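First the structure, in the form of structure tokens, and then the observations on it.
Residue numbers (the working numbering): 62 to 187.
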């Protein structure tokens, strides 16, 4: 009897695993205005880390973490999300295109557009 390979997890489920604890920690409902903002923050952090770590383009992450762009509370959640992406989701490097999160009868639903991971940037000549 041959063993079956476990099917790969859908990217929407992976991204939801990444983002949901942020909603839980902040006590924010996904279908609220604050939920939209937090989802966009998760999305921006995810893509910035992928561009920095895979694409060799750290400037997006640097801009995102710039203290002049963030209030202290947002900086804490951004740093936590960066660490979470790098430690728990480091092998999943799809880029997030568009996504929508909502709760239906108490269950989280995510519609997400996944884009291929970036290719490493060519070194720049100075």
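Note that the Cβ used here is the ideal one computed from N, Cα and C, for glycine as well. Bear in mind that the values here come from a model prediction, so they are computed numbers and not experimental data.
C-alpha gap between residue i and residue j, whole angstroms
i: residue 120; j: residue 167; result: 38 Å
i: residue 113; j: residue 82; result: 23 Å
i: residue 148; j: residue 141; result: 11 Å
i: residue 231; j: residue 100; result: A question about residue 231 goes unanswered here, because the residues of the chain that appear run from 62 up to 187.
i: residue 122; j: residue 111; result: 9 Å
i: residue 143; j: residue 152; result: 14 Å
i: residue 94; j: residue 162; result: 11 Å
i: residue 187; j: residue 98; result: Low confidence applies to residue 187: its pLDDT is 46, below 50, so where it sits in the model is not reliable, and the reading given next is rough at best. Each residue's Cα considered, the two are about 39 Å apart.
i: residue 84; j: residue 129; result: 24 Å
i: residue 104; j: residue 136; result: 15 Å
i: residue 96; j: residue 170; result: 13 Å
Neighbourhood of residue i by C-beta, 7 Å cutoff - its chain only, sequence neighbours within 5 removed
i: residue 173; result: 72, 73, 76, 157 and 160
i: residue 176; result: 155, 156 and 158
i: residue 146; result: 79, 106, 107 and 110
i: residue 92; result: 163 and 164
Close Cβ partners of residue i (< 8 Å) along its chain, the five nearest in sequence each way excluded
i: residue 139; result: 102, 106, 125, 126 and 131
Cβ-based neighbour list, residue i, same chain, cut-off 6 Å, excluding 5 preceding and 5 following
i: residue 150; result: 79
Rounded Cβ spacing between residue i and residue j (contact assumed at less than 8 Å)
i: residue 115; j: residue 179; result: 6 Å
Any non-hydrogen atom of the ligand HEM closer than 7 Å to residue i Cβ
i: residue 108; result: Ligands in the displayed structure: none, and consequently the ligand HEM is not present.
- Message: Ignoring anything shorter than 3 residues, give me the beta strand (DSSP E) runs that lie fully in the region 130-176, in order along the chain.
- Response: As summarised for the region 130-176, the continuous beta strand (DSSP E) elements at least 3 residues long and confined to that stretch are 156-165 and 168-176, given in chain order.
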